[in-house]
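**Student:** For the numbering used here, count along the sequence shown from 1 and bump the result up by 4. By construction, the Cβ of each residue, glycine as well, lies at the ideal position given by its N, Cα and C atoms. All figures in this text were calculated on a predicted structure; none of them were measured in a lab. Can you keep this structure in mind? I'll have questions shortly.
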Amino acid sequence: MLLKARTAQATTQVPPSIASTLPLINDEAIGAIMDDKTKTIILAVIERAPQWLRNDLATKDPAARARAEEALAAMLVDAIGGRQAAAD
Numbered sequence: 005m006l007l008k009a010r011t012a013q014a015t016t017q018v019p020p021s022i023a024s025t026l027p028l029i030n031d032e033a034i035g036a037i038m039d040d041k042t043k044t045i046i047l048a049v050i051e052r053a054p055q056w057l058r059n060d061l062a063t064k065d066p067a068a069r070a071r072a073e074e075a076l077a078a079m080l081v082d083a084i085g086g087r088q089a090a091a092d
């Protein structure tokens, strides 16, 4: 079963392995933290995440999960940083 993550532009299917690792934040809180472009970028990065990353995020092995979290964080920083560089 895939969960739906909503943005202002689209609804994206988020696999349970990824959704289970995300904190529960309501739409108002997210809106206060980031704009629609940033949310769209983050959802796109998660959507394109390779299967090994998804598997490692869902694993009980702390080292593998930490490695996956760091890889996902790097992917997000790169994607958001690219947006900010393009805006400058």
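Find out if the Cβ-Cβ distance for the pair L61, A48 is shorter than 7 Å.
**Tutor:** No, these two residues do not count as a Cβ contact at 7 Å.
**Student:** What's the gap between the Cα of P66 and the Cα of T44?
**Tutor:** In a straight line, the C-alpha of P66 is about 29 Å away from that of T44.
**Student:** With DSSP run on the structure shown, which of helix, strand or coil describes P66?
**Tutor:** Reduced to three states, the DSSP call for P66 is helix.
**Student:** How big is the Cα-Cα spacing for I50 and L76?
**Tutor:** Their Cα atoms are separated by approximately 8 Å.
**Student:** Output needed for M79: all residues of its chain with C-beta closer than 6 Å, excluding positions within five of it in sequence on either side, in chain order.
**Tutor:** If we look at M79 and ignore the five residues flanking it on each side, its Cβ neighbours are V49.
**Student:** Cα separation between P54 and K41?
**Tutor:** So the two alpha carbons sit approximately 22 Å from each other.
**Student:** Might you give, ordered along the chain, the residues of its own chain that have their beta carbon closer than 6 Å to the beta carbon of T63, omitting 5 neighbours on each side?
**Tutor:** Closer than 6 Å at Cβ, skipping near neighbours: R69.
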